[in-house]
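Peer 1:
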Amino acid sequence: MEKAYIDWSTLGFSYVKTDKRYISRWKDGKWDEGALVDDNTITISEASTVFHYGQSCFEGMKAYTAKDGRVLLFRPDENAKRMVQSCRRVMMSEFPVDRFIEACKQVVKANLKYLPPYGSGASLYLRPYLIGVGDNLGVRPAPEYIFSIFCVPVGAYFKGGLAPVNFTISDFDRAAPNGTGAAKVGGNYAGSLLSHEKAVKKGFADCIYLDPATHTKIEEVGAANFFGITHDEKFITPKSPSILPSITKYSLLHVAKEYLGLKTEERDVHVDKLAEFKEAGACGTAAVISPIGGIENKGNLQVFHSETEVGPITRKLYDTLTGIQYGDIVGPEGWVVEVDL
Ligand SMILES: *Cc1c(COP(=O)(O)O)cnc(C)c1O
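The number in the numbering used here is simply the position in the sequence shown, starting from 1, with 3 added.
Here it is as structure tokens:
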């Protein structure tokens, strides 16, 4: 199969138009049969709820080429289920889980020439999204919806291998205690742009958000979840109803316990007790793991393993999970879903 003329090694994380995207429309109480289309633009009513009231949600996931040429998706059922939860939170019509997975497979298969080869470190990023459309004026759920998935080839997050970065604690909140933090809905991300910008201007990779009720506990690292490794080698990750439930995080919890033999805990992580950790990281689909060099809080930088080198447990977690994703290591039942070519 012909590959597109792309230098996989220099790819970043930027939009490029690929050949086909999947689109399905909900109207009069049901989804249409859906189709792959060439057009990467959508024309919708100026009165769509997505524009005014942020009635929207999205997902992010990756397809990989295995060593033997198989094409693999990583836990697409989890993305499908999370999108259902996001839809419920902002009162949008849900797209069925089985159709979501089938649509992902169709999009990958129709854009195989953009799927990076095994060993390149690159992958094919899938962006499913669902938006409220149709004529509407008042604050209420939309009369119609669009579900779509497009894909973009993306490069390895760390070109020179895993490298730690520093983060700073934000004064802003990304979520309210009983708000929409656990849903991957559009408005959460508009609200994070300013705090991200401020962190970058201070020289940090991104900001860390504390729990919105007491501002004493870590919730998220930018748009990624947090984990830390204690001095007695427990894998710890925060638990809170306003954290977005990262599929990477839940996969790492399993890998830490079942593949690395670590004890694991989901519990509060107090920002004034960061010295309990000898390693820390941010996790999410984009980078899988970003090792955290240090965290700045009120002028003090708490350094974990090192500001320049990734810690040994973080590296093992990364190697094991990415090994499963690329099909080099046998994963738990159902984690890796093959796309029939
Ligand atoms: C998407 C996202 C994550 C990571 O979730 P994954 O399923 O691991 O990609 C973490 N935090 C936020 C706020 C997110 O939007």
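Backbone N, C-alpha and C fix where the C-beta goes; we use that ideal spot for every residue, glycine too.
If residue 163 sits next to residue 125, beta carbons under 8 Å apart, how far is it from one beta carbon to the other, in whole angstroms?
Peer 2: For this step, residue 163 is matched to residue 160 along the sequence shown. For this step, residue 125 is matched to residue 122 along the sequence shown. Their Cβ separation, rounded to whole angstroms, is 15 Å, which puts residue 163 and residue 125 out of contact at 8 Å.
Peer 1: For residue 250, verify whether its CB is less than 8 Å away from any heavy atom of ligand 1.
Peer 2: Stepping through the sequence shown from its first residue, residue 250 is reached at position 247. Residue 250: yes, Cβ under 8 Å from ligand 1.
Peer 1: Using only the alpha-carbon positions, how far apart do residue 77 and residue 324 sit?
Peer 2: Locating residue 77 in the sequence shown gives position 74, where the first residue counts as 1. Locating residue 324 in the sequence shown gives position 321, where the first residue counts as 1. Each residue's Cα considered, the two are about 10 Å apart.
Peer 1: Taking only the alpha-carbon atoms, compute the straight-line gap between residue 42 and residue 23 and give it to the nearest angstrom.
Peer 2: Sequence index remark: in the sequence shown, residue 42 carries index 39 (1-based). Sequence index remark: in the sequence shown, residue 23 carries index 20 (1-based). Roughly 8 Å separates the two Cα atoms.
Peer 1: Using the beta-carbon count (16 or more within 10 Å), is residue 94 buried or exposed?
Peer 2: Within the sequence shown, residue 94 is the residue found at index 91, counting from 1. Flag for residue 94 reads exposed.
Peer 1: Taking three-plus beta-carbon pairs below 8 Å as touching, is the stretch 162 to 179 in contact with the stretch 133 to 142?
Peer 2: Touching, no.
Peer 1: Does DSSP put residue 29 in a helix, in a strand, or in coil?
Peer 2: Here residue 29 is taken as the residue at index 26 of the sequence shown, counted from 1. Three-state result, residue 29: strand.
Peer 1: Note down, one range per segment and in chain order, each alpha helix (DSSP H) of at least 4 residues found wholly within the stretch 183 to 236.
Peer 2: Counting whole runs of 4 or more residues, the stretch 183 to 236 contains the alpha helix (DSSP H) stretches 189 to 193 and 196 to 204.
Peer 1: Let me know if residue 344 comes out buried or exposed under the rule of 16 or more other beta-carbons within 10 Å of its beta-carbon.
Peer 2: To locate residue 344, count along the sequence shown from 1; it is residue 341. Its Cβ having fewer than 16 others within 10 Å, residue 344 is exposed.
Peer 1: With DSSP as the reference, please indicate the residues paired to residue 19 in a beta bridge.
Peer 2: Position 16 of the sequence shown, counted from the start, is the residue given in the question as residue 19. DSSP output for residue 19 lists no bridge partner at all.
Peer 1: Are there any heavy atoms of ligand 1 lying less than 8 Å away from the beta-carbon of residue 286, as far as the coordinates show?
Peer 2: Mapped onto the sequence shown, residue 286 falls at position 283. Yes, the beta carbon of residue 286 sits closer than 8 Å to at least one heavy atom of ligand 1.
Peer 1: In whole angstroms, give me the CA-to-CA distance for residue 35 and residue 48.
Peer 2: Translated into the one-based positions of the sequence shown, residue 35 becomes position 32. Translated into the one-based positions of the sequence shown, residue 48 becomes position 45. Computed Cα separation, rounded: 19 Å.
Peer 1: Just to confirm, is the Cβ distance from residue 186 to residue 247 under 9 Å?
Peer 2: Counting from one through the sequence shown, the residue named residue 186 turns up at place 183. Counting from one through the sequence shown, the residue named residue 247 turns up at place 244. Contact: yes.
Peer 1: To the nearest angstrom, report how far apart residue 326 and residue 51 are at their CA atoms.
Peer 2: Here residue 326 refers to the residue found at position 323 when the sequence shown is read from its first residue. Here residue 51 refers to the residue found at position 48 when the sequence shown is read from its first residue. Spanning the two alpha carbons is a distance of roughly 42 Å.
Peer 1: Any heavy atom of ligand 1 closer than 8 Å to the beta-carbon of residue 152?
Peer 2: Residue numbering aside, residue 152 sits at position 149 when the sequence shown is read from its first letter. Not under cutoff, so the answer is no.
Peer 1: Less than 8 Å between the CB atoms is what I'm expecting for residue 288 and residue 65, so what's the real figure, rounded?
Peer 2: Translated into the one-based positions of the sequence shown, residue 288 becomes position 285. Translated into the one-based positions of the sequence shown, residue 65 becomes position 62. Between residue 65 and residue 288 the Cβ distance is about 6 Å, and since that is below 8 Å, they are a contact.
Peer 1: Note down, one range per segment and in chain order, each beta strand (DSSP E) of at least 3 residues found wholly within the stretch 282 to 337.
Peer 2: Correct list: 291 to 300 and 303 to 306.
Peer 1: Does ligand 1 have even one heavy atom less than 8 Å from the beta-carbon of residue 283?
Peer 2: Taking the sequence shown and counting its residues from 1, the one referred to as residue 283 is at position 280. Checking every heavy atom of ligand 1 against the Cβ of residue 283, none is found closer than 8 Å.
Peer 1: Please report how far the alpha carbon of residue 207 lies from the alpha carbon of residue 305, in whole angstroms.
Peer 2: Against the sequence shown, residue 207 aligns to sequence position 204. Against the sequence shown, residue 305 aligns to sequence position 302. When rounded, the distance between both Cα atoms is 13 Å.
Peer 1: Would you tell me roughly how many angstroms separate the C-alpha atoms of residue 136 and residue 71, rounded to the nearest one?
Peer 2: As a working note, residue 136 is residue 133 in the sequence shown. As a working note, residue 71 is residue 68 in the sequence shown. Straight-line Cα distance between these residues: approximately 43 Å.
Peer 1: Since residue 219 and residue 273 should fall inside the 8 Å C-beta cutoff, what is the C-beta to C-beta distance between them, to a whole number of angstroms?
Peer 2: Within the sequence shown, residue 219 is the residue found at index 216, counting from 1. Within the sequence shown, residue 273 is the residue found at index 270, counting from 1. Indeed, because the Cβ distance is near 6 Å, the residues count as touching under 8 Å.
Peer 1: Near residue 147, which residues of its chain fall below 8 Å by C-beta distance, leaving aside the five closest residues on each side in sequence?
Peer 2: Position 144 of the sequence shown, counted from the start, is the residue given in the question as residue 147. Within the same chain, residue 147 has close Cβ partners 28, 29, 30, 135, 136 and 137.
Peer 1: What do you reckon, are the CB atoms on residue 318 and residue 75 nearer than 9 Å?
Peer 2: In the sequence shown, the residue the question calls residue 318 occupies position 315. In the sequence shown, the residue the question calls residue 75 occupies position 72. No, these two residues do not count as a Cβ contact at 9 Å.
Peer 1: Starting from the N-terminal side, write out each stretch of the beta strand (DSSP E) that is 3 residues or longer and does not extend beyond the stretch 116 to 154.
Peer 2: If we require 3 residues or more, the beta strand (DSSP E) runs fully inside the stretch 116 to 154 come out as 126 to 136.
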